[in-house]
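Protein chains in written order, with our numbering: chain A, 993 to 1134; chain B, 993 to 1134.
Only one structure is covered here, and it is reproduced in the block below.
There are 2 protein chains.
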Amino acid sequence: MLSIGTLAKRTGTKVQTIRYYEQIGLMPEPGRSEGGQRRYGAAELDRLAFIRHSRQLGFSLEAIRELLELSDSPERSCAQVDAVAQKQLHEVEARIARLEALRMELQRMIGECRADRVANCRILEVLRDHEECLADHDRPGS
Amino acid sequence: MLSIGTLAKRTGTKVQTIRYYEQIGLMPEPGRSEGGQRRYGAAELDRLAFIRHSRQLGFSLEAIRELLELSDSPERSCAQVDAVAQKQLHEVEARIARLEALRMELQRMIGECRADRVANCRILEVLRDHEECLADHDRPGS
DNA sequence: ATGCGATCTACAGCCACTGTAGGTTCAAGC
DNA sequence: GCTTGAACCTACAGTGGCTGTAGATCGCAT
């Protein structure tokens, strides 16, 4: 049986995060010691590892909830799992595309600035006037 | 003189967001009509446009606060402006790198799955066992 | 028995907004 | 001048995914 701290260390999670996952129903309520402290077994360790790894791959907690549910019915088609993963891939690709556009714009902005005074700074000029900007970035998103 | 709604439309901002910027001191407290409604002039329009454009380029509100302060002293060297922009560029590049790693991992994961049942789904297997994963992604970040 | 690190609950804070409720003001049309 | 309805006002709660704090309690080694 593992204490919450040991579970945290084993999975690279913070203790509070584990309690948070329990609170939102992503982790089950574990057994308790006589004094009321949480005690975890192997199943919980696996589940938390799954959650953490999925988070590292950028899945939202909602998506992870879905993946966990799906993985509870081994006889089902895994088409839905594929769909969740595909969606995540598309989101990642979209974010990359947006960030690439930002990168270009930032580079251009920085590259153009030859001024030494704030008064003539190209960077500030571009920020002031959207028309100077080539990209049609709408939201930073991330 | 512009109402908050007009200002919002002109800058592509939500009304609440403008009030939020005022609340955190990023936008100044504007004049008011007799009935107490906010009234904005050209300076505020410019300032908000600057803020929005900077946000679109991914600058944090804190960074924008700094840029706005810097742009208030035109005689200063623009080295600090450059530094802020450079930092932002580096952050964007770092995010892109991380997302690229995620993209590769997701693609590999999805590409490997030839199963039709959840029981043998490669995607779930990879998520379950970190060792199956090539990338050393630590945080999704964004 | 004692000490101290780990754990407990409950709650506030982070970022950058977004949404809601319930009330007031403004401007256009008659 | 009056009515209407859209726009505005304040205040506060909620989003996602945690993270940090305070003050009390537990567990284990000495």
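Note that the Cβ used here is the ideal one computed from N, Cα and C, for glycine as well.
Note that the structure is a prediction, hence the values are computed from the model and not measured.
- Following the DSSP letters along the chain, one finds B/Lys-1006 in no alpha helix (DSSP H), marked with neither H nor E.
- The straight-line gap separating the alpha-carbon atoms of A/Met-993 and A/Glu-1058 is approximately 27 Å.
- DSSP, read as helix, strand or coil, puts B/Leu-1049 in coil.
- Rounded to whole angstroms, the gap between the alpha carbons of B/Phe-1051 and B/Gln-1080 is 7 Å.
- Taking C-beta atoms as the reference points, B/Cys-1105 and A/Cys-1070 count as a pair closer than 8 Å.
- By the C-beta density criterion, B/Gln-1048 is buried, having at least 16 other C-beta atoms within 10 angstroms.
- When A/Leu-1053, A/Thr-998, A/Ala-1077, A/Gly-997 are compared, the shortest CA-CA separation from B/Ile-1115 is found for A/Ala-1077.
- Segment contact: the segment 1010-1017 of chain A against the segment 1059-1066 of chain B, fewer than three CB-CB distances shorter than 8 Å; contact not assigned.
- Excluding its 5 nearest sequence neighbours in each direction, A/Ala-1107 has C-beta neighbours in its own chain below 7 Å: Cys-1113, Arg-1114, listed in chain order.
- With the criterion set as a beta carbon lying under 7 Å from some beta carbon of chain A, the segment 999-1026 of chain B has no members that meet it.
- Under the DSSP definition of a beta bridge, A/Ser-1069 partners with B/Arg-1109.
- Taking C-alpha positions only, A/Phe-1042 is separated from A/Thr-1005 by approximately 12 Å.
- Buried is the label assigned to B/Ala-1000, since at least 16 other Cβ atoms lie within 10 Å of its Cβ.
- Your pair A/Ile-1056 and A/Ser-1046 checks out as a contact, with CB atoms roughly 5 Å apart and the cut at 8 Å.
- Residue contact check for B/Met-993 against chain A: no CB pair falls below 8 Å.
- For B/Gly-1033, there are no C-beta contacts with chain A under 9 Å, since the nearest C-beta of that chain is about 16 Å from it.
- When B/Ile-1102, B/Leu-1119, B/Arg-1090 are compared, the shortest CA-CA separation from A/Ala-1075 is found for B/Ile-1102.
- Take the alpha-carbon of B/Val-1007 and the one of B/Ile-996: they are about 6 Å apart.
- A/Glu-1123 counts as exposed, since fewer than 16 other C-beta atoms from the protein chains shown sit within 10 angstroms of its C-beta.
- Think of a sphere of 8 Å around the beta carbon of B/Ala-1075: no beta carbon from chain A falls inside it, the nearest being about 10 Å out.
- In the structure shown, A/Leu-1018 falls within a coil segment according to DSSP collapsed to helix, strand and coil.
- In the three-state reduction of the DSSP assignment, B/Gly-1027 falls in the coil class.
- Going by DSSP, B/Glu-1117 is part of the alpha helix (DSSP H) stretching over 1114-1120.
- The beta carbons of A/Arg-1011 and A/Leu-1037 sit about 16 Å from each other, so the pair does not count as a contact at 8 Å.
- With a cutoff of 8 Å on beta-carbon distance, B/Glu-1067 and A/Ala-1093 are scored as not near each other.
- Residue B/Leu-1040 holds the alpha-carbon nearest to the alpha-carbon of B/Thr-998 among B/Leu-1040, B/Arg-1120, B/Glu-1085.
- Residue environment: A/Glu-1097 is assigned as buried (16 or more neighbouring CB atoms within 10 Å of its CB, all protein chains considered).
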